[in-house]
Structures are given as structure tokens and as C-alpha cells.
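According to my numbering, the sequence shown is numbered sequentially starting from -10.
Ideal Cβ placement from N, Cα and C applies to all residues, glycine included.
This structure is a prediction, so every number in the text was calculated from the model and none was measured.
See below for the structure under consideration.
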Amino acid sequence: MLHPSRHPIRLRINGTPHDLEVESWTPLLDLLRDHLDLTGTKKGCDHGQCGACTVLVDGVRVLSCLTLAVMRDGSEVTTVEGLAQGDRLHPLQQAFIEHDAFQCGYCTPGQLCSAVGLANEGQAKSLDDVRELMSGNLCRCGAYAQIAQAVAQVVLGPEPPKSEVVQRAWIAGTTVNARAKLGPA
Ligand code: FES
Ligand code: FES
-10 MLHPSRHPIR LRINGTPHDL EVESWTPLLD LLRDHLDLTG TKKGCDHGQC
40 GACTVLVDGV RVLSCLTLAV MRDGSEVTTV EGLAQGDRLH PLQQAFIEHD
90 AFQCGYCTPG QLCSAVGLAN EGQAKSLDDV RELMSGNLCR CGAYAQIAQA
140 VAQVVLGPEP PKSEVVQRAW IAGTTVNARA KLGPA
């Protein structure tokens, strides 16, 4: 018999159906990491501030640390593990590699899922829009300029305004090459 605090739910996670029993207070983040071993999704602040835990629920980006699993019964969940198709990386994953859009990589799963959600929303029309709409995802390594460039390449097309990216990278002090291109301060 089911314990009164446990609830049966069904989630489709990265294409695979899962019948689960969860406590009413179990966050989706803990369900993914601790019960299903999907540790690609990261726990940063655990209270909705950093975006490291971002996943997609029915194609919409959500903070899984603030989402009770029981409330998403019947949903389709996509984590970073579900973005690639076999050996073929998701275009955003490929763009992150091409643009060197990470250092330690801790924020990267959340950045990638957030960027997929941003693309699904269809609101971003410029590089500044990308920056604004990705602003809920923090990167302690400060790879923001490269992240914005990678996301813009996929969401806006192959030629985001590079000069603006270079300028901001230099201001943030993150890109040696950009500094060299602009000359001494
Ligand atoms: S761990 Fe969820 S927002 Fe930081
Ligand atoms: S790459 Fe290290 S926190 Fe973003």
C-alpha cells in the first residue's frame, strides 16, 4: 500500500516513460538527480536564483529546484541528457563548443536547456534580447559573452553581430583575443 505522503506519477523523461512514486515535497531536481541518476542537471543555489537546474517541461524552461515533481504528473521532461540525438549533438551544444562558451561547465546544462526554451519561445530578435532572456542563468566563470554568441548563432542565424560581442567580451575582461583586436585600453 502506498504511504499517504507518496504519490504515483508518470513522466516521460528524455523520451522514456517512467512510472514513479514521489513524496509530495520532492523537487523535480532531486527526482532527476537522486532517483533517476540524471546528474547532468545541476544544483546550484537550490532556491531559484542561479538557473543551473533549468530543464524543459513540455518544451518550456523551468527551474527544477522550485518545481514539485508531483505537480508535473503526465508531463514530458527534457534534461541536458536528452538534447543530443545519439552521436549527433544538439545545434546549441555544437555552438557552445565552437564558441568556447564554458569554462568549468557547471552552469552549462542549465544554459543549454534555457537556450532551447528561449528558442521555443520565439521572443529573441537581437543579441540584446538573447542576453536579457538568458539573464536568469548565471555563470560564475563569466563566459557570458561566448554563451550569448553561441545562443545567438543558433536562435538568430549564423551571423550574430560579432563586433558587439567582441566589445562586451573585452569590457568583461574575458577574451584575450578580443583585447588584442581592439588594441590597448
Ligand atoms: S539550483 Fe535552481 S535556480 Fe539555482
Ligand atoms: S562555465 Fe563555470 S559557471 Fe559557467
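Asked, Found
"First and last residue of the uninterrupted beta strand (DSSP E) at valine 46", "43 to 46"
"Local Cβ density within 10 Å of glutamine 100, reported as buried at 16 or more and exposed below that", "buried"
"Straight-line Cα distance separating isoleucine 2 from glycine 94", "23 Å"
"C-alpha gap between threonine 68 and aspartate 23, whole angstroms", "14 Å"
"Aspartate 29 Cβ short of 7 Å to ligand 1 heavy atom set", "Per the sequence shown, the amino acid found at residue 29 is glycine instead of aspartate. Every heavy atom of ligand 1 is 7 Å or more from the Cβ of glycine 29, so no."
"Where proline 98 falls, given that 16 or more other Cβ within 10 Å makes a residue buried", "buried"
"Which of helix, strand or coil DSSP assigns to arginine 61", "helix"
"Test item: CB-CB of threonine 43 and asparagine 126 under 8 Å", "yes"
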